[in-house]
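Asks: Residue 1 is where the sequence shown starts when you use UniProt numbering, and the numbers rise one by one after that.
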Amino acid sequence: MKTDLLADRHIGIQEEDLPVMLEKIGVKSLDELINKTIPSKIRLKEPLPLAAPMTEREFAEHITELASQNKIYTSYIGMGWYDSITPAVIQRNVFENPVWYTSYTPYQTEVSQGRLEALMNFQTVISDLTAMPLANCSLLDESTAAAEAATMMYGLRTRDQQKSGANVLFVDEEIFPQNLAVIQTRALPQGMKIQVGNYKELVFTPEIFACILQYPNASGSVEDYREFVEKAHAAHCKVAVDADIMSLALLVPPGEWGADIVFGSTQRLGIPLFYGGPSAAYFATRDEYKRNMPGRIIGWSKDKYGKLAYRMALQTREQHIKREKATSNICTAQALLATMAGFYAVYHGQEGIKNIAKRIHSITTWLNKALTRLGYVQHNELFFDTLRFSLPDHVSAQKLRTIALSKEVNLRYYDNGDVGFSIDETTDLKDVNLLLSIFSIAAEETVQEVTDIPEASSLNRELRRRTSFLTHEVFNKYHTETEMMRYIKRLERKDISLAHSMISLGSCTMKLNAASEMLPLSNLGWMAIHPLAPEDQTKGYQTLINNLSEQLKVITGFAGVTLQPNSGAAGEYTGLRIIRAYLESIGQGHRNKILIPASAHGTNPASAIQCGYTTVTCACDDKGNVDVEDLRAKAEANKDDLAALMITYPSTHGIFEPEIAEICKIIHKCGAQVYMDGANMNAQVGLTNPGTIGADVCHLNLHKTFASPHGGGGPGVGPVCVAEHLVPFLPGHQVWGNSANQVSSAPYGSAGILPITYGYICMMGAEGLTNATKTAILSANYLAACFKDTYGIVYTGATGFVGHEMILDCRYLHDETGISENDIAKRLMDYGYHAPTLSFPVHGTLMIEPTESESLWELDNFVTVMQTIWQEIQEVKNGSADKEDNVLVNAPHPEYEVVANEWNHSYSREKAAYPIESVRDNKFWINVARVDNTLGDRKLLPTRYGKFE
């Protein structure tokens, strides 16, 4: 018998807690509650056939052994991935720190000032290095950023171009192949045509609306694109440039030669290889395109007393507000990795990054001369870090490969027999001599070891950067580890995370990210592997990927899975792309409509639009269920054009649809597919699954159900699981020789964080996973029972119970007292809590999800807090508190206000700051008062240099 299993630590509710919770809910047993919550006809008949749970020690040994099966060779493959050095102060204090990796997307500004500042640093780095005025705070990866650039430029076509049907996107042939593949996946369903060719030979025609270039290009050549950009603009074409971020420390940045968009990867800024991800993509553009730009933008604003503050600007662009009108499905950030990249720039500053870039370039320049003397013919006249050689007659690529592999080195091998390599930050004299020996042995020449690499350059004056960057003081103050550690900690103290208290966000499942799941990520066996390394070097990753894929198939009841999508939103898009490919294969490619209930997850409409579909919304009844008759009528009316239904189960209304199986049958009868959004799989695992219910495809948000951290808005993984008939249409990848439906740069997306979910499943086992689901439903119903007589629950389903989340009704409170749901959200901060999901999916409400990880003490404390706030609202209602000056409308109360000499409110400082005793034990002091939500939108200031006049 095993003891000390993860389930005992992960699940917050103990056996002795059950009687009081069940009594409050009004049921006799947990099984009775589950039977009343989930329709019996979709329940699983047998436990999940998963292996017995490992103890934390057993998993630690297992995952370490798997990591040891990955061979850590020195990889010079490049192609968008380069080994880098993560400063230990950043790895220890950010990457391995739960305050940074468990925080939520910074929608609640006042308790997110630390990560907002860190992301503003990132934007400033990108803006400076690219010489563009506006950058967002990250996208998923380089290839999806390329696809976003294509979509954005398509949307920016002139009126004349739209009228004439201009739809040709020119892509230079020297772009990384993975970028081209993802552009093709995304662009074709939207009506774009891709023209690939040599930019020097392009003849502009009226059909071409935009161009995408790479700088330096895929072969490593630094091209002078200035004349080309002038011609493109004269032809009314936009130009997007994929730029190597490290090279821009030495090269003239694209913003200085007219680019409209600059994008790429920041993996070189201190982010490990991680077998392809996660790492943060960047995206920068002109100021006039700010409302067309994908992704999140951090801007300046002021709080109510005039103190400068950060805020996520232009939030109304969010897809769950604009739905099908969204410019992009912007749940597509890599906030944790962007934060790390920003800190990397803070730590090194301008001179540090210049020196790193100079060292990379100098080594490359020296090797170019040395290998040319050995008879190798180098293709690139101008280069930064990458050389491409034609081989002497007596040297074959296979001979070079054999020698390189014998010395545990990976080079890049081109289809035509050329061989190349990309130098990176980690390359030192020992590596230089090893490279030199590989090429000299192949050439049958003898060379002497080099003892020093002098500074040198291949660049001509016209292409050398002459402008400064990173001049703000933040990039010039923290270059010692002591100062850097303190700066990180100073920002850390401004953020609420799961390290402080429960984050009760409905639809987002902010559950425990157990330390035993997170620890493996710091093992070099997972960190230091290039995604294009030969398979015999990646056996550990392959075993993990295969094992995890089988686990996810068992859990979802499906036949196939892809781990390629880099987020849940990307998973949604991927699932629809798979459906499209399948329909086209059976002659049904004309189907172009997606039916989406009003209760579906908020990202669904934007994903459908990005996949080239139009959406049809079907209604819900007054209990929150999908109106089956309305769905039936709309499905029938559109049956010849209907491609799929997108449905979330349980719905974002917090309930299990009793007619879900019938709904699936209605859609299938119309010849369409059923796409299930897996955002709420936390209420399904072990009790039901999409395959049993009757769906054809679902995506999973690993950060929601399967314990990957939210990371302040990413990293994420959005696996897609499919029924047997859809397996042939799962995403390919160019390295596999089939890039159909490819949706990310790397073959397995953000493979580096897969050990977390793998560990969660391995250590929880079937029983633990099932108990976690039951407990999530138990805790939600307990809170619903506690709040039903005060706030009230908007939807309770057919049997009067909620799923794993619930919606509190605050609409009538505003009518009665003037207090809004936003006031409640801000007041919660004074009590040390992050607000629940605000005004989604129903305006004027709060959606709460406690998760299975929270203890009964924490649930009860949250109830006490919410009921105390309820009493504060009643004080406003009955007149004992001033309607214009009360703790709710003035919340949150920052530390600087509470300790000021003057106190100008009609209530006490104690009521503001210490309203109940538990707050004294765990006070989270807020840095700013309520922030102006419109000031920063009216005048967008997206870098550290911004000033309000």
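No residue lacks a Cβ here, since even glycine has one placed at the ideal position from N, Cα and C.
With a threshold of 8 Å, are at least 3 pairs of Cβ atoms found where one atom belongs to the stretch 469 to 477 and the other to the stretch 898 to 913?
Replies: With a cut-off of 8 Å, the stretch 898 to 913 and the stretch 469 to 477 do not count as touching, because too few Cβ pairs lie within range.
Asks: Cα separation between E445 and S437?
Replies: 9 Å
Asks: Under a Cβ-count criterion, where at least 16 other Cβ atoms within 10 Å of its own Cβ denotes burial, should E535 be classed as buried or exposed?
Replies: exposed
Asks: Rounded to the nearest angstrom, how far is the Cβ of D495 from that of S103, given a contact under 8 Å?
Replies: 5 Å
Asks: Just to confirm, is the Cβ distance from L169 to G765 under 7 Å?
Replies: no
Asks: Name the DSSP beta bridge partners of Y675, please?
Replies: Y675 pairs with M646 and V697.
Asks: Have a look at the DSSP bridge pairing and note the partners of A243.
Replies: Y215
Asks: In chain order, what residues of the same chain have a beta carbon less than 8 Å from the beta carbon of S516, not counting five sequence neighbours either side?
Replies: L6, E56, F59, A60, G759 and M763
Asks: Have a look at residue 1008 and P177 and give me their C-alpha separation to the nearest angstrom.
Replies: Residue 1008 falls outside the range modelled here, since the chain spans only 1 to 949, and no answer is possible.
Asks: Which residues bound the beta strand (DSSP E) around T285?
Replies: A281 to T285
Asks: Specify, as a first and last residue, the run of the alpha helix (DSSP H) that Y573 falls within.
Replies: It spans G568 to S585 - the alpha helix (DSSP H) in which Y573 sits, taken as one unbroken run.
Asks: What does a CB cutoff of less than 7 Å around Q537 pick up in its chain, not counting 5 residues either side in sequence?
Replies: Once the five neighbours on either side are set aside, the close Cβ partners of Q537 are N70, K71 and Y73.
Asks: Using 8 Å as the threshold, is the stretch 775 to 792 in touch with the stretch 847 to 863, meaning 3 or more CB pairs across them?
Replies: yes
Asks: Please report the distance separating the alpha-carbon of T617 from that of P650.
Replies: Those two C-alpha atoms are separated by around 18 Å.
Asks: Kindly indicate the opening and closing residues of the alpha helix (DSSP H) around D809.
Replies: Counting along the chain, D809 falls outside any alpha helix (DSSP H), though it belongs to the beta strand (DSSP E) covering M806 to D809.
Asks: Short of 7 Å in beta carbon distance, which residues of its chain neighbour T868, apart from the five on each side in sequence? Order them along the chain.
Replies: Only P915 and I916 meet the Cβ criterion.
Asks: Please work out which residues of its chain come closer than 6 Å, Cβ to Cβ, to A825, disregarding the five sequence neighbours upstream and downstream, and give them in chain order.
Replies: A835 and L838
Asks: Can you name the residues that DSSP bridges to F263?
Replies: D242 and F283
Asks: Where does H668 sit, in a helix, a strand or coil, going by DSSP?
Replies: helix
Asks: Compare the Cα-Cα distances from A259 to each of T285, A280 and K539 and report the closest residue.
Replies: T285
Asks: Kindly indicate which residue of A166, A232 and P709 has the alpha-carbon position closest to the one of M518.
Replies: P709
Asks: Thinking C-alpha only, which one of N35, D640, V794 and G560 is nearest Q588?
Replies: D640
Asks: Given a cut-off of 7 Å, decide if K302 and R930 are closer than it, judged by their beta-carbon atoms.
Replies: no
Asks: Do the stretch 79 to 97 and the stretch 480 to 495 meet, that is, are 3 or more Cβ pairs less than 8 Å apart?
Replies: By the C-beta criterion, the stretch 79 to 97 is judged to be in contact with the stretch 480 to 495, since at least 3 inter-stretch pairs fall below 8 Å.
Asks: For L251, name the three-state secondary structure that DSSP assigns.
Replies: strand
Asks: Can you check whether the CB of A150 is closer than 7 Å to the CB of A187?
Replies: yes
Asks: Nearest to T773 by alpha carbon, out of P894, E662, G686 and A146?
Replies: Among P894, E662, G686 and A146, the Cα nearest to that of T773 is on G686.
Asks: Using the rule of at least 16 other Cβ atoms within 10 Å of the residue's Cβ for burial, across every protein chain shown, is T109 buried or exposed?
Replies: A buried status is given to T109, since no fewer than 16 other beta-carbon atoms sit within 10 Å of its beta-carbon.
Asks: If you check the beta carbons only, do I360 and I423 fall under 7 Å apart?
Replies: yes
Asks: Could you tell me whether the stretch 220 to 232 touches the stretch 376 to 393, where touching means 3 or more Cβ pairs closer than 8 Å?
Replies: yes
Asks: Determine which residues share a DSSP beta bridge with N70 and list them.
Replies: T538
Asks: Note down, in chain order, each residue of its chain lying with its Cβ closer than 7 Å to the Cβ of G844, except the 5 sequence neighbours on either side.
Replies: The answer, listed in chain order, is C810, R811, H814 and E821.
Asks: Helix, strand or coil for S127 per DSSP?
Replies: helix
Asks: Just verifying my parser: in three-state terms, what is the DSSP assignment at M312?
Replies: When DSSP states are grouped into helix, strand and coil, M312 belongs to the strand group.
Asks: When DSSP labels each residue in this structure, what does M847 get in the three-state scheme?
Replies: strand
Asks: Between the C-alpha atoms of G375 and A88, what's the straight-line distance to the nearest angstrom?
Replies: Roughly 41 Å separates the two Cα atoms.
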